[in-house]
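Numbering (the working numbering), first residue to last: 2 to 392. First the structure, in the form of structure tokens, and then the observations on it.
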Amino acid sequence: MPRSVQPDRWLFSVTVALCLIGAVMVFSASAVMARETYGNGYAFLLRQVAWLALGFGGMFALMNLDYRKLRHPAVIFTSLAVVLLMLVAVFFLDRSHATHRWIRFGPVGIQPSELAKLVVILYLAWFLEMRGGTGEGRPESAGENRRLRRARAPRERPVPGGINDFLGTLLPAMAPVLLFVGLVVMQPDLGTSVDIFLISLAMLFVAGLSPVYLLGAAAAAIPAIYLLIVRVPYRYQRVTAFLNPEADPQGSGFQMLQSLIAVGSGGFVGVGLMESRQKLFYLPEAHTDFIYAVLCEELGFIGGLAVLVLFGIYGWRGVRAALAAPDDFGRYIGLGVTVMVVGQALINLSVVLGLMPTKGIPLPFISYGGSSLLVMLLATGVLLNISQHAE
């Protein structure tokens, strides 16, 4: 039986620790650039602290709001409509860095694609619970749902309305997701669109999606990769730079090489906080997407490993909270949020360490950036509330 308990202290503590590390590293990575650009070395830090205050306010609010209230159709469809309008609105606003990604209110900018991640998680959790695999269009208890899934396992035909019913479940489940993904691709922001799509696939897989559909998605991705990467020169350059950055060390391979130099320069204990050399206009995006490289340079292997451990704990406690949720809605949200945070962290770290091409995806809680930080804290607030309702 569900019981009301305290929020997961490990999850809460890890989130606070990552945010504190982020604030320190944002200041360290941006102070020189902020002084040169704005005449104030604290410019980026002050903005980050403001977003932290807003994010923690939202996190505490959602942590104390019963997550089951979010399953109301009015909440789900209003959220979908608002984010859809924002994703469309960006195309009618001024471009920033040759992209349509931001809605700006004076000095404050909101990136709707970040909000889309959380809204997609809420929508899929609600929709999948409503279908529940029985075709009756109602949510079941966790135990009942597990029994139904086991009973369905030997069936060759999908249960009408179940997760593997293409027209009845998959198509309506993925329609808003694919619409969001398409709009984000057009901004263009391929990294975030892939992130949204992978989160959705992970949630569908947890809900019992047949591997046949996953193979179909992989096959469909082949022409998409060709059209969106190979046929787009700057994206194709990122791939070639990843494969051989030394071939163009002053051009497409510059950022990757500078990142690897920063990580390697840190050694075991680092060169010391605030002492990074690569952040001094060598490493592009040092305070945003490549902040982990600066962290490794200044705090060394120990600091870099500590961040990995913190994200590992977040993943462990997030999955634990999700599996202990009293209903499928909480379980799907918990797993979706955990995949979003930990998956995005793994992608960012892989890029910084030269294991993947650059994608423009920030490191959760640590990179400078208001929209990403706000969404991660809001999502964590929901996850913390789920942890209070363990079975």
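Virtual Cβ for every residue (Gly too), placed ideally from N, Cα, C. Small disclaimer: the values here were computed from a predicted structure and weren't measured.
Bounds of any alpha helix (DSSP H) do not take in F93, whose DSSP letter is neither H nor E. When only Cα atoms are considered, E37 and E299 end up about 21 Å apart. Residue range 292-324 is occupied by the alpha helix (DSSP H) that includes G301, with no beta strand (DSSP E) assigned at that position. The shortest CA-to-CA distance from M26 to any of L216, E392, S277 is the one to S277. Residue pairing by DSSP places I104 opposite I111 in a beta bridge.
Residue nearest to M204 within the set M377, M357, G331, P234 is G331 (criterion: CA-CA distance). Taking 8 Å as the cut-off, the Cβ atoms of V121 and V178 count as close. The three-state secondary structure of P177, taken from DSSP, is helix. For M275, no alpha helix (DSSP H) run applies, since DSSP gives it neither H nor E.
Residue state for D9 is assigned as coil, using DSSP reduced to three classes. Here the region 308-326 lies against the region 338-348, with 3 or more beta-carbon pairs under 8 Å apart.
With distances taken between CA atoms, D290 lies nearest to V353 out of V353, G301, A322, F28. Annotated three-state conformation of A24 is helix, per DSSP. F13 and L385 have their C-alpha atoms some 7 Å from each other.
A residue is called buried once 16 or more other Cβ atoms fall within 10 Å of its Cβ, and M64 is buried on that count.
The residues Q238, A242, in chain order, have a CB closer than 6 Å to that of S253 in the same chain once the five nearest residues on each side in sequence are set aside. Proximity to Y293 across R69, L210, L350 peaks at L350, based on C-alpha coordinates. In this structure, G301 and G267 form a Cβ contact; the two beta carbons are roughly 4 Å apart against a cut-off of 8 Å.
At a Cβ-Cβ threshold of 8 Å, S260 and L229 do not count as neighbours. Note that the region 43-51 does not touch the region 66-78; fewer than 3 beta-carbon pairs, one per stretch, sit closer than 8 Å. One alpha carbon belongs to N41, the other to A82, and they sit about 39 Å apart. When the Cα atoms are used, L123 and V270 turn out to be separated by approximately 41 Å.
Within the same chain, Cβ atoms closer than 6 Å to the Cβ of L184 are found at L88, the five residues on either side in sequence being excluded. In terms of Cα proximity to A208, the closest of G319, L171, S80, L374 is L171. Excluding its 5 nearest sequence neighbours in each direction, P363 has C-beta neighbours in its own chain below 7 Å: T289, D290, N349, G370, S373, listed in chain order.
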